[in-house]
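As you go down the protein sequences, you meet chains A and B in turn.
Residue numbers for the first sequence follow our numbering, beginning at 1 and rising by one.
Residue numbers for the second sequence follow our numbering, beginning at 209 and rising by one.
There are 2 protein chains.
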Amino acid sequence: MPVFDPEELGARIRTQRKKEGLTLAELSQRSGVAVSTLSKLENGQTTGSVETIFKIARAMRVLVDHIFPFAPAEMTNGRLLVTRRDGGERLAIEHYDYQLHAAGLIGKRMAPLHMAIKARTPPPIEEWSTHPGEEFAFVLCGLVELNTEHYAPVRIGAGESVYFDSIMKHCYVALSDEEPRLLSVCLSEAPSMKSAPENLFASAAPKP
Amino acid sequence: MPVFDPEELGARIRTQRKKEGLTLAELSQRSGVAVSTLSKLENGQTTGSVETIFKIARAMRVLVDHIFPFAPAEMTNGRLLVTRRDGGERLAIEHYDYQLHAAGLIGKRMAPLHMAIKARTPPPIEEWSTHPGEEFAFVLCGLVELNTEHYAPVRIGAGESVYFDSIMKHCYVALSDEEPRLLSVCLSEAPSMKSAPENLFASAAPKP
DNA sequence: CTATAATTTTTCCGAAACGATAATTTTTGT
DNA sequence: ACAAAAATTATCGTTTCGGAAAAATTATAG
Numbered sequence: 001m002p003v004f005d006p007e008e009l010g011a012r013i014r015t016q017r018k019k020e021g022l023t024l025a026e027l028s029q030r031s032g033v034a035v036s037t038l039s040k041l042e043n044g045q046t047t048g049s050v051e052t053i054f055k056i057a058r059a060m061r062v063l064v065d066h067i068f069p070f071a072p073a074e075m076t077n078g079r080l081l082v083t084r085r086d087g088g089e090r091l092a093i094e095h096y097d098y099q100l101h102a103a104g105l106i107g108k109r110m111a112p113l114h115m116a117i118k119a120r121t122p123p124p125i126e127e128w129s130t131h132p133g134e135e136f137a138f139v140l141c142g143l144v145e146l147n148t149e150h151y152a153p154v155r156i157g158a159g160e161s162v163y164f165d166s167i168m169k170h171c172y173v174a175l176s177d178e179e180p181r182l183l184s185v186c187l188s189e190a191p192s193m194k195s196a197p198e199n200l201f202a203s204a205a206p207k208p
Numbered sequence: 209m210p211v212f213d214p215e216e217l218g219a220r221i222r223t224q225r226k227k228e229g230l231t232l233a234e235l236s237q238r239s240g241v242a243v244s245t246l247s248k249l250e251n252g253q254t255t256g257s258v259e260t261i262f263k264i265a266r267a268m269r270v271l272v273d274h275i276f277p278f279a280p281a282e283m284t285n286g287r288l289l290v291t292r293r294d295g296g297e298r299l300a301i302e303h304y305d306y307q308l309h310a311a312g313l314i315g316k317r318m319a320p321l322h323m324a325i326k327a328r329t330p331p332p333i334e335e336w337s338t339h340p341g342e343e344f345a346f347v348l349c350g351l352v353e354l355n356t357e358h359y360a361p362v363r364i365g366a367g368e369s370v371y372f373d374s375i376m377k378h379c380y381v382a383l384s385d386e387e388p389r390l391l392s393v394c395l396s397e398a399p400s401m402k403s404a405p406e407n408l409f410a411s412a413a414p415k416p
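As structure tokens, this is what we get:
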């Protein structure tokens, strides 16, 4: 007795395939998964393997989670947490001062950080941040320079923002006389289970 | 040649298990998956079946996508887009003025909105926003009241924030004389397919 | 309405994953 | 350093999955 519903998975695959106007044979061609396997999957006659699911998702150009039956959404539908000026969770490191908002909310997918940029010159690249996912940074005041692995340094002033893949090594540097502050929202692929995800604050630098 | 990295899946399972302080034997007991299977999974020696993954996820009381490597990082790892003060995409509706940042970046999972709150009284509840996912709102200036379906109205001033499940009906209202501005970042659970970058799955697509 | 093609489902078998047990190695705690 | 606990590896029977081709169903053309 399966612990999840294979029919839902099958239905999603079929829906997506129809949407793309593909036949089983065509999808098989693209994905490298046999026609028979596709049929069995779509009809819930097998629970499938992770490998196969990935092949199918890739072939239809959808993210896996589109055809993958999730845990029900009602698990989290009524959370709300306010962070006051003196709230959240604070952390001061060499180059930045952090205030993590919504620190007490576990299972959230975004990590909102109110940070003050102390650094005036970029540290060695090994110390730059890198973490899977996406990052959005909005400058609240001052002038900030974002250094990244793949781009020329980018200057961002108050009211401006930058959105980037945070797996790129990156670091912020203050350019203005006043200490710049920015609001950074990091999206990790796996929702943070802890209030202060250490991987967010961890840099590429080796551990002592 | 697996199309995804079994070692990442294994690493996630192990990370989560350690976080919960479980041994393989205990997790086996709770999940109904044999110890040997767990070990092979964690060490990337098998690609695993969907059924097994679900059992494990359920046993650790996490959503499947916590341990499931849905979007390999190498798919998008070098994007970066700056939004200037006059950039982005603007939209004015009755109650708010929006500036969508990073508008030109397709496939992003967060939607950062710089918004000015014009409304001074809540509209009828049928007009409130509701969308699956999570929302983080940081007040830049002024005093804002967030009305939600399940909570008493919440007042948030400059430098404060709120994080909530955006499926709850919600609306923002201005309380201060000055028109409040806030930065809202919405996370949708399923990124829209229309915006899925071509290059994400290019390798699987046969050329016409 | 039939004939034919296209598509899907089913059948059969090899391949891979799973479970149980035991032996070996690694880690942990004292 | 030792003992205990935990994790890995090995083996093997069982179950499930995946692929090729046949069978059945559905769609299409004349």
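Glycine included, every Cβ here is placed at the ideal spot set by N, Cα and C.
On a predicted model such as this, the values are computed, not experimentally measured, just so you know.
Start and end residues, beta strand (DSSP E) containing residue 157 (chain A): 154-157
Span of the beta strand (DSSP E) around residue 175 (chain A): Run containing residue 175 (chain A): none; DSSP gives neither H nor E here.
Rounded straight-line distance, which links the Cα of residue 226 (chain B) to that of residue 346 (chain B): 34 Å
Chain B within 9 Å of residue 124 (chain A), Cβ atoms only: no
Beta-carbon separation (whole angstroms), residue 293 (chain B) vs residue 89 (chain A), contact threshold 8 Å: Not quite, the Cβ-Cβ distance comes to about 31 Å (not below 8 Å), so this is no contact.
Neighbour flag for residue 318 (chain B) against chain A, beta carbons, 9 Å: yes
Residues in the stretch 37-59 of chain A having any Cβ partner in chain B nearer than 8 Å: 47, 48, 49, 50, 51, 53, 54, 55, 58, 59
Chain-ordered neighbours of residue 364 (chain B) on chain A, where CB pairs are closer than 7 Å: 82
Burial state of residue 73 (chain A) (16 or more Cβ within 10 Å): With a pLDDT of only 36 at residue 73 (chain A), under 50, the local geometry of the prediction cannot be trusted, and no value is derived from it.
Extent of the continuous alpha helix (DSSP H) run through residue 126 (chain A): Looking at the DSSP string, residue 126 (chain A) is not in any alpha helix (DSSP H), and its letter there is neither H nor E.
Extent of the continuous alpha helix (DSSP H) to which residue 340 (chain B) belongs: Neither: residue 340 (chain B) is in no alpha helix (DSSP H) and is coded neither H nor E.
Local Cβ density within 10 Å of residue 109 (chain A), reported as buried at 16 or more and exposed below that: buried
Nearest to residue 335 (chain B) (by Cα), restricted to the options B:386, B:349, B:355: B:355
Boundaries of the beta strand (DSSP E) in which residue 99 (chain A) is found, first to last residue: 96-100
Candidates A:87, A:15, A:28: closest to residue 104 (chain A) by CA position: A:87
Residue-chain proximity (residue 353 (chain B), chain A), Cβ-Cβ < 9 Å: no
Sequence-distant residues of the same chain with beta carbon closer than 6 Å to residue 155 (chain A), five excluded per side: 145
The stretch 34-42 of chain A touching the stretch 234-245 of chain B, judged by at least three CB pairs closer than 8 Å: no
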